[in-house]
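Heads up: the structure comes next, in structure tokens.
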Amino acid sequence: MKNNLYIFRLKAILNDRLTCGILIISLFLFLFIIINFSIHAEERSSIPIGILNLDQSESSKELIKNLKKVPSFYVYEGSEEYLKELLLKEQIRAYLIIHKEYENSIQMGKTDELVTMNYLDGDESAKILSDIIAGEMLYKICLYKGYNEYQFLPWKDNSFRLGSNPGKKLSQNEYMDYVNSLMVSPDFNFAFDISMVNTDNRNTGNKIENTILYLQVIWGIIAMLLGFTAMLMSVGAVLEIETGIREKTGITLLGPFSLDLSHFTAVLTLQSTFSIVLLASLAGKFTNLSVRQILLLFLLLELFSGVMILWFLIIGKLAGKAGRYQFIGIICILFFGFFGFLTITAGFLSNELLKISKIIPNSWFIDEFTAIILNKNLQGITYISYIKFIITACGLLIINRLLSKRQYR
Numbered sequence: 001m002k003n004n005l006y007i008f009r010l011k012a013i014l015n016d017r018l019t020c021g022i023l024i025i026s027l028f029l030f031l032f033i034i035i036n037f038s039i040h041a042e043e044r045s046s047i048p049i050g051i052l053n054l055d056q057s058e059s060s061k062e063l064i065k066n067l068k069k070v071p072s073f074y075v076y077e078g079s080e081e082y083l084k085e086l087l088l089k090e091q092i093r094a095y096l097i098i099h100k101e102y103e104n105s106i107q108m109g110k111t112d113e114l115v116t117m118n119y120l121d122g123d124e125s126a127k128i129l130s131d132i133i134a135g136e137m138l139y140k141i142c143l144y145k146g147y148n149e150y151q152f153l154p155w156k157d158n159s160f161r162l163g164s165n166p167g168k169k170l171s172q173n174e175y176m177d178y179v180n181s182l183m184v185s186p187d188f189n190f191a192f193d194i195s196m197v198n199t200d201n202r203n204t205g206n207k208i209e210n211t212i213l214y215l216q217v218i219w220g221i222i223a224m225l226l227g228f229t230a231m232l233m234s235v236g237a238v239l240e241i242e243t244g245i246r247e248k249t250g251i252t253l254l255g256p257f258s259l260d261l262s263h264f265t266a267v268l269t270l271q272s273t274f275s276i277v278l279l280a281s282l283a284g285k286f287t288n289l290s291v292r293q294i295l296l297l298f299l300l301l302e303l304f305s306g307v308m309i310l311w312f313l314i315i316g317k318l319a320g321k322a323g324r325y326q327f328i329g330i331i332c333i334l335f336f337g338f339f340g341f342l343t344i345t346a347g348f349l350s351n352e353l354l355k356i357s358k359i360i361p362n363s364w365f366i367d368e369f370t371a372i373i374l375n376k377n378l379q380g381i382t383y384i385s386y387i388k389f390i391i392t393a394c395g396l397l398i399i400n401r402l403l404s405k406r407q408y409r
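Here the sequence shown is numbered in UniProt numbering, starting from 1 and rising by one per residue.
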């Protein structure tokens, strides 16, 4: 009976065209926020540069791949007209043109006319950018230059030993394999003993804080969207109260707890769809997320969604009418969202506002989400927000139960 009621709830929500339409729009908003806002957060914490690859060889593609791995760079690719336009608008600091025959040139040991870097006149950072780019090119250049020099060495049998075949000159592939093997050999491991003094600590701190700020804004918007969808899908439960269906079911085998449980599980199932889409998008943007991080984020999303569903069930029972419920629900979402965003600027809040923001579920969600995303090893994570969500959910369940009993008297 309870299973049938759960399926009935799902069908009732999904058969409402308006609800489905808003849910689909919300789903696209989820994707838009993750794709665009996370890109802008990354852009603002890195130096934007452009790359035009005219060679399209394996070596040129490998260079681009390596440059994208440089934490200091955010790389745009496109036509020269597009990159030039970005440069003139100062949306990128410079753009790099990899010339045709790039791979053939470095294989022949040439070092001139491999790449061209265009930048605005007077940009003093150009020298630093060119040094970083040159650093990514050096290994390949030195590798082929070394092989070319090796080819011209005076050669006699057993007069020169290299690799596992002494007395035999290595082919190009054998030479490359041998040199590459040296990179992973423990005999050639070394490290610099460096002591760094940061004289510009404030700027570095600002850069990190800006990145965290963008992430927190994303989670704050997502929390409001989850709250909105929970409120929207709970309208059906309020209509049951308004039309008297709940009172009629009081004389059947279906008690108030069964009705609330079926509604809760149906809405949480649909909310889980958003959670899965969100985590899939995050896994695509933050490729270094571990399985444990993803599982913890999913649990956090489910707990937050569960608390929001229970909250709006209580609001629905107190409101009694759908119109009144929607009005109060919107105020709640704005209230939670406002104080959730205030935690981002905690340093500027008065003690009173800070105390209020600390008891808002959106604040717990933002803090825990950010901590998990930025902490790959999950060291120092207290999981206090999970405990708060569980305690809050239990409290809301008890209140729901008491309100249901009062309505059935």
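C-beta: ideal position from N, C-alpha, C; glycine also.
Those residues which DSSP pairs with residue i across a bridge
i, result
"T116", "I97"
Nearest-angstrom Cα separation, counted from residue j out to residue i
i, j, result
"I86", "G284", "Note on identity: in this sequence residue 86 is Leu, with Ile being the wrong assignment. Approximately 26 Å, taken between the alpha carbons."
"K127", "P48", "15 Å"
"I276", "M176", "44 Å"
"T392", "G50", "49 Å"
"L88", "F304", "45 Å"
"I7", "L67", "51 Å"
"L296", "E302", "10 Å"
"L374", "D367", "11 Å"
"L402", "G395", "11 Å"
"F32", "I218", "11 Å"
"A12", "L310", "19 Å"
"I22", "Q271", "13 Å"
"G320", "N400", "14 Å"
"F335", "L289", "32 Å"
"V291", "L215", "20 Å"
"G236", "S262", "12 Å"
"K84", "I98", "15 Å"
"A223", "W364", "10 Å"
"A266", "I356", "31 Å"
"R93", "S26", "36 Å"
"C142", "L52", "23 Å"
"F257", "L213", "41 Å"
"F228", "I333", "7 Å"
"residue 443", "Y95", "Not covered by the structure: residue 443. The range shown for the chain is 1 to 409."
"L225", "I398", "26 Å"
"K100", "K61", "12 Å"
"N15", "A134", "60 Å"
Residue nearest to residue i in terms of C-alpha spacing, selected from the options
i, options, result
"A371", "G78, Q293, M176 and A280", "Q293"
"V10", "L342, T116 and T269", "In the sequence as presented, Val is not what sits at residue 10; that position holds Leu. When only C-alpha atoms are compared, the closest one is T269."
"M108", "M224, N118, Q216 and Q172", "Q172"
"D260", "K355, Q216, K317 and T273", "K317"
"L232", "A322, L300 and Y95", "A322"
"G146", "A134, L300, V179 and D131", "V179"
"R264", "F28, M308, S363 and I360", "Strictly speaking, residue 264 in this sequence is Phe, with Arg absent from that position. Cα-wise, what sits closest to F264 is M308."
"F327", "F312, G340, F338 and L114", "F312"
"M137", "Y102, Y150 and K169", "Y102"
"L29", "F339, I132, S281 and I384", "S281"
"I132", "L63, F298 and I390", "L63"
"I390", "R324, Q151 and P361", "P361"
"F73", "N4, Q91, K405 and T111", "Q91"
"N118", "S130, K110, T111 and D112", "S130"
"V238", "Y325, L278, G306 and A230", "Y325"
"F369", "L278, T111 and I106", "L278"
"L114", "D16, L54 and Q151", "L54"
Alpha helix (DSSP H) segment containing residue i, residue limits
i, result
"Y102", "Y102 to Q107"
"I314", "V291 to A319"
"Y383", "From DSSP, Y383 is part of no alpha helix (DSSP H); its letter is neither H nor E."
"E77", "It is not in any alpha helix (DSSP H) - E77 instead sits in the beta strand (DSSP E) that spans F73 to E77."
"F339", "A322 to L342"
"L170", "Looking at the DSSP string, L170 is not in any alpha helix (DSSP H), and its letter there is neither H nor E."
"S363", "P361 to L374"
"S59", "E58 to K69"
"L87", "E80 to L88"
"D131", "A126 to Q151"
Start-to-end residues for the beta strand (DSSP E) that takes in residue i
i, result
"G50", "I47 to N53"
Can you find at least 3 beta carbon pairs, one from the stretch 69-78 and one from the stretch 115-123, that sit closer than 8 Å? no
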